[in-house]
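Structure first, commentary second.
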Amino acid sequence: MSLDLTELTRFGRALEEAHSLLEADRKRLEQRCDRASRADATAGGPTQTLYGVTLMSGAMSQALTRVALAAGYSALGMDERAEHELVTARMYPVGFPSGADRMARPLGEATVQAMEMIRDLGFFDAEISIAVDVALAAPQATYPPADWDEYERQRRSQAE
């Protein structure tokens with residue numbers, strides 16, 4: 001069974017646009033992040049903000065690559081491989097939207113636009129949309145924590 005290439009094209013174009021937006025913000029932030037500040041590991045600091053947008057951009061790039069492979073395999077009649085790539089592309093993307101947890105507020109306009117686009121795309125599981133909304137609503141960066149012991153206590157209590 002061949003995949004719907006029209007649908008894959010729609011997903012691929014949206015992923016590419018989100019990636020381009022995040023890359024634009026990454027380049028902007030990179031220019032503003034001097035070498036001295038790169039040693040700072042504070043949540044919302046220049047280094048963590050740059051790292052966060054880099055994680056999100058990479059996640060979109062990986063998903064786009066998988067969608068492109070799915071489309072290519074489908075066009076070649078290699079349906080099992082196409083399906084595998086699409087399933088892999090739809091897996092929860094590492095670094096998206098969690099990269100925003102590292103970023104200073106307010107988030108850049110391009111980052112917000114990319115996050116909203118992915119939230120509304122309907123490509124990933126619904127939990128991504130919820131995670132995007134939580135990240136967009138956060139008043140400040142939340143990761144890495146200033147107190148790791150407290151962070152671990154909170155994680156354990158949430159798991160119970």
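Per the working numbering, residue 1 is the first one in the sequence shown, and the count goes up by one each step.
Built from N, CA and C at the ideal position, the CB exists for glycine as well.
This one's a predicted model, so the numbers in the text were calculated from it and none came from an experiment.
Residue i - DSSP class collapsed to helix/strand/coil
i	result
residue 57	helix
residue 63	helix
residue 143	coil
residue 41	coil
residue 220	Lying outside 1 to 160, the shown extent of the chain, residue 220 is not represented and no answer is given.
residue 152	helix
residue 92	coil
residue 104	coil
residue 160	coil
residue 2	coil
residue 50	helix
residue 76	coil
The alpha helix (DSSP H) enclosing residue i, as first and last residue numbers
i	result
residue 20	5–32
residue 88	79–89
residue 121	109–121
Residues near residue i by beta carbon distance below 8 Å, same chain, minus five either side
i	result
residue 117	14, 17, 18, 21
residue 26	50, 53, 54, 57
residue 12	64, 67, 68, 71
Inter-residue spacing [alpha-carbon to alpha-carbon] between residue i and residue j
i	j	result
residue 34	residue 5	44 Å
residue 9	residue 62	16 Å
residue 89	residue 77	19 Å
residue 93	residue 60	8 Å
residue 153	residue 144	15 Å
residue 125	residue 131	10 Å
residue 127	residue 155	19 Å
residue 140	residue 95	17 Å
residue 91	residue 31	32 Å
Same chain, Cβ closer than 6 Å to residue i, neighbours up to 5 away in sequence not counted
i	result
residue 23	57
residue 48	102
Close Cβ partners of residue i (< 7 Å) along its chain, the five nearest in sequence each way excluded
i	result
residue 73	81, 82, 85
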